[in-house]
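Chains as they are written, first to last, in my numbering: chain A, 1 to 290; chain B, 291 to 681.
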């Protein structure tokens, strides 16, 4: 029982970060029909930006977090303006190939800039865990999962409650009609891509101190983000959040009670099952949004 | 007739004039040695340290005038911590760069993936790090290993099991040939010593969150955790173990734990942990060849290489030194001649004596050297000899 509780706590904490990774990706896909293979690289960028700000520039931890988010947003906007905008209207496959190119270019740039050796990102939290009965959780992880929840909430508010969000949702539902109604589609796309990238960078900056920063760290993050998005339904924000938590818990329980050697397999078996029985994703509404 | 004679003589003269020049050009060309290491990816730190050690060996050999009057040159390929890449790196080195010998490929899975290429093209490889028994048991006569297989390591540790106070043990290992082989070897040895074996858990090489495994291990009530993976994951396991209040003696195997880096990156979480290592740069004078070990540490430091890389870097030195000795004994840089000469190599590296004995199926044996094995402990933020080893 104690073990099960600890597994659930671990899974939810891990799942929260998966959700943060997933919503950035699902937003970009939903609004722009861009399959963003470089998503994991923005995660890496966030981790290294935090490392640079903390260890090299000597900024305080929270300022470094903000710097990483800003770096993600900035590079995301740049990427959209220079690569994606000229390709708007091209087939989804063409854009996918361009994003694969961005992925490779960014990963190699990171390798060139930082070398292959992993970096440890310092953080101000105590390393001793908080203990509640039989449960243990590190203060840093608690902070990460709370910040992730706050960011997810913020993203939801932005999309549901603001004028910008309304414009984003209008673009999502019908691009042409939205354009006819005076929504500046170009600006919406730039903001969406910058926002999605900033969320990935935030995840990197938050998880960098928990784990380690190294150039290929984004590959695993990309894989998890795609899993989450497929679980939750492409373009579905609430679905990505729940999908993230579900994947985290499924992996944790799979590793705990089935076999730790097949930890990643558990997540993929879940995805195959979802694709077999609910191909639009677990939380998709009945109608298709195109 | 006369004219013909003169022209023949002229051709002969020209040929004679060209011959030594041509031969000379060839014999002064550098001897290439292929190196396959993980220079990027999850275990990149280790691979880069091995490369740095190999470069020291190269520069030392060249400063002494090279081998057989020729300089040596390293052709270094990145296997990206990926077995598939290791196989294509071996093919590239052999076919494109025409190297007569290779050192590599760090991880057992990477080495095993590269091995069929050695047999296909007939080029010998000195294996500097891999621990899986299968590396020398597959019947590949082109493989010469200077690192200890897990069984040898387990035997080396056997005498200390009682002193370590191990009663009930759990295992956590990377899900590769190395990790699986290590659990097998250490499990066998510990069972023989009457130690109870609890959980045996695995993690993917790229995994970063090991909380599930640690939660499970915590339930077994053991006293010691044997941990087999590279320094990056050891760092994460130690940190996450601390987050879970996992009170265990930790023993890492495989020699890729870099205790100095652990102290730096895992801090207090590394305190008290034991590490099997094959080089003790903290006390070089205690190594079999103290002078060589000291010189290696000094040169490493002089180059500005990170101290924490030394426990890995020495492998690069010893591997290249082994190949150079074989080239010297062979007298030429041909793969087959180097393979035969490797059996005659008898040198002392930074680790200790290197000499190959036959291992694997009869008629197709691989070479296996018997390296020295040491155990150290992290105490008060420093690397020290465990109490039971102090005189």
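Idealized CB from N, CA, C, for every residue including glycine.
Rounded C-alpha distance that separates residue i from residue j
i	j	result
residue 283/A	residue 235/A	11 angstroms
residue 674/B	residue 576/B	12 angstroms
residue 286/A	residue 408/B	Here residue 286/A scores only 48 on pLDDT, less than 50, and its place in the model is too uncertain to base an answer on.
residue 601/B	residue 613/B	20 angstroms
residue 79/A	residue 197/A	10 angstroms
residue 637/B	residue 645/B	7 angstroms
residue 497/B	residue 176/A	44 angstroms
residue 212/A	residue 443/B	29 angstroms
residue 661/B	residue 454/B	22 angstroms
residue 23/A	residue 135/A	29 angstroms
residue 475/B	residue 102/A	44 angstroms
residue 389/B	residue 403/B	18 angstroms
residue 4/A	residue 208/A	27 angstroms
residue 311/B	residue 318/B	Low confidence applies here, because residue 311/B scores a pLDDT of 43, under 50, leaving its location unreliable; read the following figure in that light. Rounded to whole angstroms, residue 311/B to residue 318/B spans 11 angstroms at the Cα level.
residue 18/A	residue 323/B	44 angstroms
residue 647/B	residue 635/B	11 angstroms
residue 511/B	residue 611/B	46 angstroms
residue 615/B	residue 437/B	17 angstroms
residue 297/A	residue 502/B	Outside the shown range of chain A, which is 1 to 290, sits residue 297/A, and nothing can be said about it.
Selection from the options that minimises the alpha carbon distance to residue i
i	options	result
residue 33/A	102/A, 17/A, 280/A, 193/A	193/A
residue 562/B	341/B, 677/B, 416/B, 606/B	677/B
residue 168/A	189/A, 157/A, 182/A	189/A
residue 252/A	264/A, 242/A, 243/A	264/A
residue 351/B	534/B, 321/B, 327/B	321/B
residue 651/B	425/B, 480/B, 550/B	425/B
residue 204/A	68/A, 138/A, 27/A	68/A
residue 60/A	241/A, 224/A, 121/A, 279/A	121/A
residue 155/A	182/A, 184/A, 195/A, 137/A	195/A
residue 222/A	39/A, 15/A, 28/A, 19/A	39/A
residue 345/B	360/B, 364/B, 464/B, 452/B	364/B
residue 328/B	399/B, 381/B, 349/B	399/B
residue 500/B	113/A, 182/A, 191/A, 259/A	259/A
residue 158/A	49/A, 85/A, 15/A, 27/A	27/A
residue 592/B	325/B, 342/B, 336/B	342/B
residue 667/B	656/B, 570/B, 654/B	570/B
Check: residue i C-beta below 7 angstroms from any heavy atom of the ligand SAH
i	result
residue 92/A	With respect to small molecules bound, the structure shown includes none, and the ligand SAH cannot be examined in it.
Per-residue DSSP class, three states only, for residue i
i	result
residue 243/A	helix
residue 312/B	Annotation note: pLDDT 39 at residue 312/B (below 50); position unreliable, no value reported.
residue 136/A	strand
residue 123/A	coil
residue 649/B	strand
residue 517/B	strand
residue 376/B	helix
residue 466/B	coil
residue 450/B	coil
residue 393/B	strand
residue 677/B	helix
residue 659/B	coil
residue 654/B	coil
residue 539/B	strand
residue 565/B	strand
residue 324/B	strand
residue 437/B	coil
residue 638/B	strand
residue 283/A	coil
residue 228/A	helix
residue 643/B	strand
Contact under 8 angstroms by Cβ, residue i with residue j
i	j	result
residue 440/B	residue 488/B	no
residue 434/B	residue 632/B	yes
residue 330/B	residue 387/B	no
residue 338/B	residue 116/A	yes
residue 525/B	residue 495/B	no
residue 573/B	residue 607/B	no
residue 522/B	residue 479/B	no
residue 333/B	residue 371/B	yes
residue 492/B	residue 463/B	yes
Residue i at chain C interface by Cβ criterion, 8 angstroms
i	result
residue 535/B	Any reference to chain C falls outside this structure, whose protein chains are A and B.
Taking one C-beta from the region 374 to 385 of chain B and one from the region 353 to 361 of chain B each time, how about it: are there three or more such pairs within less than 8 angstroms?
no
Taking three-plus beta-carbon pairs below 8 angstroms as touching, is the region 223 to 238 of chain A in contact with the region 67 to 82 of chain A?
no
Any chance the region 140 to 155 of chain A sits against the region 45 to 57 of chain A, with 3 or more Cβ pairs inside 8 angstroms?
Touching, no.
Within the chosen definition, does the region 156 to 165 of chain A reach the region 34 to 47 of chain A through at least 3 CB pairs nearer than 8 angstroms?
Result no; under three Cβ-Cβ pairs closer than 8 angstroms.
Are the region 539 to 548 of chain B and the region 107 to 116 of chain A touching, with three or more C-beta to C-beta distances below 8 angstroms?
Short answer: they don't touch.
Do the region 128 to 146 of chain A and the region 235 to 245 of chain A touch if we need at least three Cβ pairs shorter than 8 angstroms?
no
Stretch pair the region 477 to 485 of chain B + the region 519 to 537 of chain B: three plus CB contacts closer than 8 angstroms
no
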